[in-house]
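Numbered according to this note's numbering, the sequence shown terminates at residue 920, and the numbering increases by one at each position without gaps.
From the three backbone atoms N, C-alpha and C, an ideal C-beta is built for every residue, glycine too.
Worksheet: the structure to be examined is printed underneath.
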Amino acid sequence: MTVEEALATVEAILGKESLNDLQEIIFRCCWEQKSYGEIAESCGYDADYIKYVGFQLWKKLSEAVGEKITKSNLRAALRRKTQLTNRLPDTKNMNNGSQIAEVNIHTIQNRKSEIQNRTDWGEAIDVSVFYGREGELATLKQWIIQEHCKLIAILGIGGTGKTALSVKLAEQVQEKFEYIVWRSLHNAPTINSLLTNLINSLSNRQETSLNQDISDKILQLLDYLQKHRCLIILDNIETILSSADTSGALSIPQAGHYREGYEEYGELFKRIGEIRHSSCLVLTSREKPKEVAALEGKTYPIRSLQLFGLATPDGKEIFTAKGNFIGSTNDWQTLIQSYAGNPLALKIVATTISDLFAGDIAKFLAQG
553 MTVEEALATV
563 EAILGKESLN
573 DLQEIIFRCC
583 WEQKSYGEIA
593 ESCGYDADYI
603 KYVGFQLWKK
613 LSEAVGEKIT
623 KSNLRAALRR
633 KTQLTNRLPD
643 TKNMNNGSQI
653 AEVNIHTIQN
663 RKSEIQNRTD
673 WGEAIDVSVF
683 YGREGELATL
693 KQWIIQEHCK
703 LIAILGIGGT
713 GKTALSVKLA
723 EQVQEKFEYI
733 VWRSLHNAPT
743 INSLLTNLIN
753 SLSNRQETSL
763 NQDISDKILQ
773 LLDYLQKHRC
783 LIILDNIETI
793 LSSADTSGAL
803 SIPQAGHYRE
813 GYEEYGELFK
823 RIGEIRHSSC
833 LVLTSREKPK
843 EVAALEGKTY
853 PIRSLQLFGL
863 ATPDGKEIFT
873 AKGNFIGSTN
883 DWQTLIQSYA
893 GNPLALKIVA
903 TTISDLFAGD
913 IAKFLAQG
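If you want it as structure tokens, here you go:
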């Protein structure tokens with residue numbers, strides 16, 4: 553039995569639930585008895601992720617065939633299935649078996665290239681000029697690639713660069729995902745509007761049976777997150793949050809409670825953080841959603857990263873991009889610390905110093 557015959561048999565068994573692109577690549581390579589490490593290297597994916605997708609694939613086939621299928625018994629199990637059901641496909645028009653059976657690395661790379669192109673940046677900003685944050689990026693990539701975190705919140709006050717960091721992060725990990733979707737919640741879209749938008753993006757607008765019920769739409773989105781490795785980034789989550797509970801006599805700060813009418817966002821975040829899948833949702837916010845607060849932990853796949861100001865060397869880069877500035881080491885340190893290393897504040901003050909003080913930091917500081 554050739555790999556093409558085996559795939560035809562699998563498609564016949566699965567019916568409408570056919571293999572996705574990456575599952576087919578893994579099937580072809582495993583049929584040729586390649587290791588997960590070899591598959592990961594040829595495709596550009598993380599080896600652990602390839603193992604996870606393979607596990608899901610064998611589970612799916614086992615349930616359809618009615619016999620436990622693993623990477624090692626794949627060939628024998630499918631041969632038995634075709635013999636028992638007599639559903640072996642016609643191969644008269646197929647190419648020479650030995651030619652078909654050979655897994656073509658160029659074909660795999662082309663399929664991988666197709667997957668990589670499934671990016672939807674929405675209104676993501678240009679981050680070709682980016683300052684510092686190497687440590688934060690390393691931590692976030694560790695959580696996503698090595699530790700397979702499902703829900704991550706990037707937190708910080710306004711102007712700390714949460715948006716820029718989220719875009720830079722997506723650029724640096726995009727090869728590990730089949731789909732990238734970046735969305736801003738600046739205008740506080742309803743949960744219904746967001747879910748429709750995300751499902752349309754992940755389905756390449758091929759989804760024709762969108763449910764109207766919010767819970768059903770959440771299930772539809774989760775189905776995509778389980779079938780494909782997706783990175784979804786939602787920026788400006790604070791627009792749907794209410795930072796205080798005013799229902800009682802005292803106004804008590806709460807951990808990311810929702811504005812009226814936006815409570816179902818919490819259900820979406822909770823489900824993504826709890827169910828089993830290989831995708832990742834990254835949120836940026838000035839405050840932590842309560843689901844993240846409840847579910848996060850050092851050994852859990854839900855994390856949060858608090859952003860602080862830039863260090864003096866990184867802060868100086870903002871000024872360098874603006875023009876020529878003069879100042880002593882102490883002047884630079886005083887200036888940047890005065891604005892807590894906030895990137896947005898530093899950009900504004902850089903313009904002021906350039907325009908009004910000819911780039912002289914000491915003169916600006918002398919003004920108090």
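Nearest residue (CA-CA) to residue i, options the options
{"i": "Ile827", "options": "Lys840, Lys779, Ser794, Glu815", "result": "Lys779"}
{"i": "Gly861", "options": "Ile888, Leu777, Glu675", "result": "Ile888"}
{"i": "His738", "options": "Gly825, Asn788, Leu793", "result": "Asn788"}
{"i": "Tyr891", "options": "Asp912, Gly867, Ser745, Ser755", "result": "Gly867"}
{"i": "Thr715", "options": "Gln694, Phe729, Glu790", "result": "Glu790"}
{"i": "Ile696", "options": "Asn625, Leu721, Val681", "result": "Leu721"}
{"i": "Asn763", "options": "Glu812, Leu747, Glu688", "result": "Leu747"}
{"i": "Ile704", "options": "Asn572, Ser614, Ile913, Ser831", "result": "Ser831"}
{"i": "Leu777", "options": "Tyr597, Gln694, Leu754, Glu848", "result": "Leu754"}
{"i": "Thr886", "options": "Val681, Leu574, Lys915", "result": "Lys915"}
{"i": "Glu699", "options": "Val681, Ser745, Tyr604, Asn744", "result": "Tyr604"}
Per-residue DSSP class, three states only, for residue i
{"i": "Val605", "result": "helix"}
{"i": "Ser506", "result": "Any property of residue 506 remains undetermined from this structure, which presents the chain solely from 553 to 920."}
{"i": "Asp598", "result": "coil"}
{"i": "Asp883", "result": "helix"}
{"i": "Gln858", "result": "strand"}
{"i": "Ser624", "result": "coil"}
{"i": "Asp787", "result": "strand"}
{"i": "Thr938", "result": "Any answer about residue 938 is impossible in this case: the structure gives the chain only from 553 up to 920."}
{"i": "Ser837", "result": "strand"}
{"i": "Thr922", "result": "This structure does not reach residue 922, given that the chain is present from 553 up to 920, and the question cannot be answered."}
{"i": "Tyr810", "result": "strand"}
{"i": "Leu571", "result": "coil"}
{"i": "Ser921", "result": "Residue numbering for the chain in the displayed model covers 553 to 920; residue 921 lies beyond these limits and cannot be assessed."}
{"i": "Arg639", "result": "Low per-residue confidence applies at Arg639: pLDDT is 45, beneath 50, and the placement is therefore not dependable, though the value from the model is reported in the following sentence. In this structure, Arg639 counts as coil in the three-state DSSP scheme."}
Cβ pair residue i, residue j closer than 9 Å
{"i": "Lys897", "j": "Phe871", "result": "The question names Lys, but residue 897 in the sequence shown is Ala. No."}
{"i": "Ile792", "j": "Ala740", "result": "yes"}
{"i": "Val834", "j": "Ile785", "result": "yes"}
{"i": "Leu566", "j": "Ala616", "result": "yes"}
{"i": "Pro853", "j": "Lys611", "result": "no"}
{"i": "Lys840", "j": "Gly808", "result": "yes"}
{"i": "Cys782", "j": "Tyr731", "result": "yes"}
{"i": "Leu794", "j": "Glu812", "result": "First, the amino acid is wrong: residue 794 is Ser here, not Leu. Cβ distance < 9 Å, so Ser794 and Glu812 count as in contact."}
{"i": "Gly825", "j": "Thr864", "result": "no"}
Residue i, buried or exposed, once every other Cβ within 10 Å from all chains shown has been counted against 16
{"i": "Val921", "result": "This structure cannot speak to residue 921, because the chain is shown only from 553 to 920."}
{"i": "Asn882", "result": "exposed"}
{"i": "Pro895", "result": "buried"}
{"i": "Thr851", "result": "exposed"}
{"i": "Gln585", "result": "exposed"}
{"i": "Leu571", "result": "buried"}
{"i": "Asp797", "result": "With a pLDDT of only 44 at Asp797, under 50, the local geometry of the prediction cannot be trusted, and no value is derived from it."}
{"i": "Gln772", "result": "buried"}
{"i": "Ala560", "result": "buried"}
{"i": "Ser680", "result": "exposed"}
{"i": "Ile821", "result": "According to the sequence displayed, residue 821 carries Phe and not Ile. Counting Cβ neighbours within 10 Å, Phe821 comes out buried, since at least 16 surround it."}
{"i": "Phe729", "result": "buried"}
(message) Could you tell me which whole beta strand (DSSP E) segments of length 3 or greater appear in the segment 686-773?
(response) Counting only runs of 3 or more, we get 703-707, 731-736.
(request) Only counting runs of 4 or more residues, tell me where the alpha helix (DSSP H) segments fall wholly within the segment 892-918, in order along the chain. (result) Contiguous alpha helix (DSSP H) elements confined to the segment 892-918 occur at 895-909, 913-918, taking only those with 4 or more residues.
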